[in-house]
Every structure is written in structure tokens, then in C-alpha cells.
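Before any comments, here is the structure.
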Amino acid sequence: MTLTAAPGRARQAAGWRPPATSYGLGLAVAGVAAAWGVHRLLPAVPLLTAAVVLGIGAAHLPGARGLVRGVCRAGLSLAGKRLMRLGIVLLGLKLSLNDVLGLGWATVAMVLGVVAATFCGTWWLGRRMGLRGDQPLLIATGYSICGASAIGAVSEVSDSDERDVATSVALVTLCGTLAIAVLPLLQHPLGLGDAAFGRWVGASVHDVGQVVATAQTAGPAALGDAVLVKLVRVALLAPLVAMLATSVRARGRVRRTEGGGGQEIGGQEAGGQGAGGQGAGGQEAKRRPPLVPLFVLGFLAMTALRSTDVLSTAVLDTAATAQELLLAAALFGLGSAVHLPSLTRTGARVAALGLCAWVVIAGASYGGVLLTT
Numbered sequence: 183m184t185l186t187a188a189p190g191r192a193r194q195a196a197g198w199r200p201p202a203t204s205y206g207l208g209l210a211v212a213g214v215a216a217a218w219g220v221h222r223l224l225p226a227v228p229l230l231t232a233a234v235v236l237g238i239g240a241a242h243l244p245g246a247r248g249l250v251r252g253v254c255r256a257g258l259s260l261a262g263k264r265l266m267r268l269g270i271v272l273l274g275l276k277l278s279l280n281d282v283l284g285l286g287w288a289t290v291a292m293v294l295g296v297v298a299a300t301f302c303g304t305w306w307l308g309r310r311m312g313l314r315g316d317q318p319l320l321i322a323t324g325y326s327i328c329g330a331s332a333i334g335a336v337s338e339v340s341d342s343d344e345r346d347v348a349t350s351v352a353l354v355t356l357c358g359t360l361a362i363a364v365l366p367l368l369q370h371p372l373g374l375g376d377a378a379f380g381r382w383v384g385a386s387v388h389d390v391g392q393v394v395a396t397a398q399t400a401g402p403a404a405l406g407d408a409v410l411v412k413l414v415r416v417a418l419l420a421p422l423v424a425m426l427a428t429s430v431r432a433r434g435r436v437r438r439t440e441g442g443g444g445q446e447i448g449g450q451e452a453g454g455q456g457a458g459g460q461g462a463g464g465q466e467a468k469r470r471p472p473l474v475p476l477f478v479l480g481f482l483a484m485t486a487l488r489s490t491d492v493l494s495t496a497v498l499d500t501a502a503t504a505q506e507l508l509l510a511a512a513l514f515g516l517g518s519a520v521h522l523p524s525l526t527r528t529g530a531r532v533a534a535l536g537l538c539a540w541v542v543i544a545g546a547s548y549g550g551v552l553l554t555t
């Protein structure tokens, strides 16, 4: 009779090791804990902003740099993608259709116009400036929708380079952080009441946490309107991602057609599936993103669930905490992918695009607020 070794002894005999991603995920958890500590000491600094900054710092500190680029890289990349998706799904619980309708159609139309002008203008200008890869698309998305969360969502369907994602997140986070200090100083010179100031902040500041930190300086009336207007922008994330996914699928079909998909070699279509396995065409089809990614469907489902008012305040508060922690871990992972020396080649152009986009969204939203007040 053959005896089977106990599972623990079998793993030990085989040299069992923890998954490769566990080290990076552990570092992301430590980064979130440190960011939470910073936020507690300095409440004006949002948790997500602190997480990005600490991730960038970890990637450049002599002691941690080797870990970030080596054994922890797989786990940090996983956090930047998978945890970002989960956080975006839970973000849907912050949005209720009844709250959006309560703003009035004029305000909703104003937000749509601001988002469209910012997205199209930033994307066009970034391409004219010759920025690399998907940076124009990602920066335009981050400025117009909801900061780093939107960048993470769009990068999933566009399969963007991690360095482009990290650079865009760093830029959007920096500008959103500056808004916390700059916009309150402009409220009275621009002649904005508290409620109007809140709508301006909600329409122009990137991340939800940054919106809260900025609007709360003008009191509860400003904060309430700011959050509602901001969540209308968040709601536009789903249709934007769906449109980009459709565009990516269409470009894939064009590339396969132009690549000679109709040519025949030995009686089979080039790029088709032969008897022995799957060809390039099948592999390309596998790579095509779904028309509506699952995490976007999850976001919409959570929004619909919130609109039913069946969830208790305790459940919503717990989900909000989980969402913020997940996004903080994801942003720490994205921040750790930033390599500051490599930014010197395009740093001036990226900064110029960020400044121009900031002026566009602040100016367009200010004009929209004046028209709808």
C-alpha cells in the first residue's frame, strides 16, 4: 500500500513558495496603511492622493526601489488592474439616479458639455503635441471624468502601456491636489456663492476625494452640490468605456482586413484556424475587449441597486470604505510604476498638456455654472 504524504509535508518537500503576486500585494497593503496614516495626520490630503505619492516615493527610495522593480512588481501590477476594477464597481454605489434627476436637466446638460469639451480638446491637443502612446487619451479621460479611476478603467479596454498609465495618473493627481489649495482662493474673486462654488468644484476637479476636500471649505451646501455634480461625471464613465471598447474592436477588424485575412494559403485563409490549432486571427479575436467590460456592467448594476434605496446606511458606508481602500491600493501600485527620470523626455509636454486641460475644464465649468445659476 502506498502512503500519501500530508499536504503540508508535500509542499515542503516540493519547495512550496507563496504566489509571486503576494509580495507586491503585501507592499500595496502597507502603502495603503501608510497613506491612511498620512490622511489622519493631514485631513486635507485625500487618502487616494497620499497613496499615489507614496507609490511614487517607493519606486525611487534606495531601500525599496529594488523590491518595487523586482519581486513586488507582479503584485503591484495586479493591484493596479484588478483592484482598480473592484473599486470602480463599488464606486457605482455612490450614484443614485434620483439624486441626478434632482439636479435638474440644465445642470446635467452643463456637465455633459464640460466633459465633452474637456475630453475632445485635451485628446486633440495631446496628439498635436506628439505625446507618446495612449497618454493623450488617458489624460483626457482623467481630466474629464473622474481622475485616476477613469484612467484605470480606460486603460483596461485600450490595453495601454503601464508607463503611460502611471504618467497620466501622476499628472492628474498632481493637478487635482493643487486644486484643493487654489480653487477656494478663487471663490469670492469670481463672485460665486457657496452652492455655485460647489457645482464649479464638482464639474472641474478630477477625483471624488479631491472634490470633497476642495468643496468642504465653503460649507455643507457647497459640498452637497459638488458631490452630486461630480457623480454625474462619474456616471459618464460607463458609456465612455463602452464607446472606446467598440472603437478598439473596430480597429482590430480593420487591422485583420488590411493584413490579408482573405488571402488563402494551401486552401486555408491566412490567419485562420488550421487543423492543428488556432491561427493569428483566432488569437486576435481572443484579444478583442468585450463591447461592455464586466467591471462597467458591475458599476451600472451597483448604480441601479443604489437607486432602489434598499441598502442601509451601514452597508453603503462599509462599501464606501472598501471602495476607497481598493482604489488606494490600486493607485499605490500605479504610482510605483512611475519612473521620474524617464519623464524628462516628455515631461515639459505632459505638464503643458495638463495645464491647458486644467484651464479648459475650469473655464468651461465656470461658464456652465454661470449659465445655469
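Position in the sequence shown counted from 1, then plus 182, gives you the numbering used here. By construction, the Cβ of each residue, glycine as well, lies at the ideal position given by its N, Cα and C atoms. All values reported here derive from a predicted model rather than from experimental measurement.
Check	Outcome
Cβ-based neighbour list, residue 204, same chain, cut-off 7 Å, excluding 5 preceding and 5 following	257
Given residue 280 as reference, the closest of 547, 421 and 413 once Cα atoms are compared	413
Three-way DSSP call (helix, strand, coil) for residue 266 in this model	helix
Three-state secondary structure assigned by DSSP to residue 488	helix
The region 282 to 293 in contact with the region 223 to 238 per 3-pair CB rule at 8 Å	no
Of the listed residues 219, 211, 394 and 416, nearest to residue 262 (C-alpha basis)	211
The region 376 to 386 / the region 491 to 503 touching (three or more Cβ pairs under 8 Å)	no
Distance, residue 252 Cα to residue 373 Cα	52 Å
Residue of 535, 229 and 333 minimising C-alpha distance to residue 393	229
Beta-carbon gap between residue 282 and residue 420 smaller than 9 Å	no
Element boundaries [alpha helix (DSSP H), containing residue 317]	317 to 326
Residue 292 - DSSP class collapsed to helix/strand/coil	helix
Rounded straight-line distance, which links the Cα of residue 324 to that of residue 538	14 Å
Neighbourhood of residue 307 by C-beta, 7 Å cutoff - its chain only, sequence neighbours within 5 removed	535 and 538
Given residue 382 as reference, the closest of 554, 206, 209 and 207 once Cα atoms are compared	554
Boundaries of the alpha helix (DSSP H) in which residue 523 is found, first to last residue	Per DSSP, residue 523 belongs to no alpha helix (DSSP H) and is neither H nor E.
For residue 320 and residue 346, the rounded distance between their alpha carbons	8 Å
Euclidean distance between Cα positions of residue 327 and residue 523	28 Å
Nearest to residue 270 (by Cα), restricted to the options 403, 294, 250 and 390	390
Start-to-end residues for the alpha helix (DSSP H) that takes in residue 391	390 to 397
Given residue 337 as reference, the closest of 508, 246 and 267 once Cα atoms are compared	267
Those runs of the beta strand (DSSP E) which lie wholly inside the region 330 to 399 and span at least 3 residues	none
As assigned by DSSP and simplified to three states, the class of residue 479	helix
Between the CA atoms of residue 243 and residue 216 - distance to the nearest angstrom	15 Å
For residue 247, three-class secondary structure by DSSP	helix
CA nearest to the CA of residue 384, picked from 371, 248 and 406	406
Cβ-Cβ distance between residue 509 and residue 233 below 9 Å	yes
Beta carbon of residue 278 nearer than 9 Å to that of residue 489	yes
Nearest-angstrom beta carbon gap, residue 343 and residue 315 [assumed within contact, 8 Å]	5 Å
Simplified DSSP state of residue 224, which is helix, strand or coil	coil
CA-to-CA distance, residue 221 to residue 167, given in whole angstroms	Within the shown structure, residues of the chain are numbered from 183 to 555, placing residue 167 beyond reach of any answer.
DSSP-derived helix/strand/coil call for residue 312	coil
Residue 299 versus residue 502: straight-line alpha-carbon distance, rounded	30 Å
Nearest candidate by alpha-carbon position, reference residue 285, set 511, 544, 364 and 415	415
Pairwise C-alpha distance: residue 265 and residue 246	22 Å
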